[in-house]
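Please read the structure below before turning to the comments.
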Amino acid sequence: RPTIHMLPGQFKRFRLIAAGLNAFLALHVAQCETYVLAKDGIWVGATAYLEEWHLLVPGSRIDLGLRCNNTGIYNVASSKNAPPYHEDIATTTVVFDGILVQLNVSGSPVSMQIPTVLPPRASYLVDLSNVTTPVPAGNLFDLTFLTKGGPFAPGLPFPVMQINDESFQDKNHFVHNMTLDEIQEWTVGIEGDSNVGAGNHPFHVHVNSFQIVAIDGETTRKATMGVRVGEYRDTIPLMMSGKYTIRFVPKRYIGRVLIHCHMIPHVDLGMAAVGQIVAGEHGEHGEHVEDNSL
Numbered sequence: 015r016p017t018i019h020m021l022p023g024q025f026k027r028f029r030l031i032a033a034g035l036n037a038f039l040a041l042h043v044a045q046c047e048t049y050v051l052a053k054d055g056i057w058v059g060a061t062a063y064l065e066e067w068h069l070l071v072p073g074s075r076i077d078l079g080l081r082c083n084n085t086g087i088y089n090v091a092s093s094k095n096a097p098p099y100h101e102d103i104a105t106t107t108v109v110f111d112g113i114l115v116q117l118n119v120s121g122s123p124v125s126m127q128i129p130t131v132l133p134p135r136a137s138y139l140v141d142l143s144n145v146t147t148p149v150p151a152g153n154l155f156d157l158t159f160l161t162k163g164g165p166f167a168p169g170l171p172f173p174v175m176q177i178n179d180e181s182f183q184d185k186n187h188f189v190h191n192m193t194l195d196e197i198q199e200w201t202v203g204i205e206g207d208s209n210v211g212a213g214n215h216p217f218h219v220h221v222n223s224f225q226i227v228a229i230d231g232e233t234t235r236k237a238t239m240g241v242r243v244g245e246y247r248d249t250i251p252l253m254m255s256g257k258y259t260i261r262f263v264p265k266r267y268i269g270r271v272l273i274h275c276h277m278i279p280h281v282d283l284g285m286a287a288v289g290q291i292v293a294g295e296h297g298e299h300g301e302h303v304e305d306n307s308l
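In this note's numbering, the protein residues as written are 15 to 308.
Dropping the structure here:
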């Protein structure tokens, strides 16, 4: 629980990484302003936005611009009863409850403003939310994280953890094939007894980030579990109430792609799968990458 010194009215950028084993973080800084700048290392859009609560799941990252205008001691804390999330997070999901960082705000006040314009996203992260050309049938993929046998007591026997009805087999068993520079559209969610068994599963995919284009089929739905339509991510919390529709275009790299739950005990129990990116038919050879996580 470190203490960080800040001046009244000063903005600091906090780059936060959820590096824990399986606990979610529902972050809040009472009486201070927190602006979202980036999620999973990608700018959230043209401008930062003010938000009070921030959900981080294992493996996710967030950049916050934080300002406290008055002197005092403030806590960067996580709450298991966070109002925006407590009804959507399964009762079996661990949410850390306590103080992470203390802010000592003292000294002469300064006047700082949050940047009005954020840097542009990388050129390969184009907006795919309003694509008019139909996505080829072979590039559509339904992905379901499944837990069986809950609720679970600690210890043996460990539960069955699956993606699309099978546990991880080996690095050469591909659940989906992708072609370089062709748009992909996936629907991602959880089924089974995850809500009474092992809790919510943070979905994570390696190599390419993806854009959220719909939540439970709605393109105008407000943020759910800290996920907003239109933003690019690589780690999101899955929910029992609906599925996410995501799109991305594999760029530059060909080879294996690991897809898994980012709760480490879950991936160890088999909640992982492997996709494959291959070169296109028109000379897009790409650069081979070996996913060392395999």
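Each residue gets a CB set at the ideal place from its N, CA and C atoms; glycine is no exception.
Quick check: what's the CA-CA separation for residue 143 versus residue 227? 5 Å
Classify residue 83 as helix, strand or coil using the three-state DSSP reduction. coil
Taking the alpha-carbon positions, what's the residue 175 to residue 56 distance? 30 Å
Determine the direct distance from the alpha carbon of residue 116 to that of residue 88, and round the result to whole angstroms. 6 Å
In the DSSP assignment, what residue or residues form a beta bridge with residue 49? 64, 79
Thinking just about the alpha-carbon of each residue, which of 49, 73, 146, 38 is nearest to the one in residue 64? 49
For the candidate residues 249, 286, 276, 119, whose alpha-carbon lies nearest to that of residue 180? 286
Per DSSP, residue 18 forms a beta bridge with which residues? 117
Please list the segments of the beta strand (DSSP E) lying wholly inside the stretch 190–258, counting only runs of 3 or more residues, in order along the chain. 198–206, 216–219, 224–229, 249–251
In angstroms with no decimal places, state the Cα-to-Cα distance between residue 260 and residue 267. 19 Å
Should residue 280 be labelled buried (16 or more other beta-carbon atoms within 10 Å of its own) or exposed? buried
Going by DSSP in three states, residue 187 sits in which element: helix, strand or coil? coil
Neighbour-count burial assignment, residue 53, 16 or more Cβ in a 10 Å radius: buried
Helix, strand or coil: which one does DSSP assign to residue 278? helix
Do residue 17 and residue 118 have their C-beta atoms closer together than 7 Å? yes
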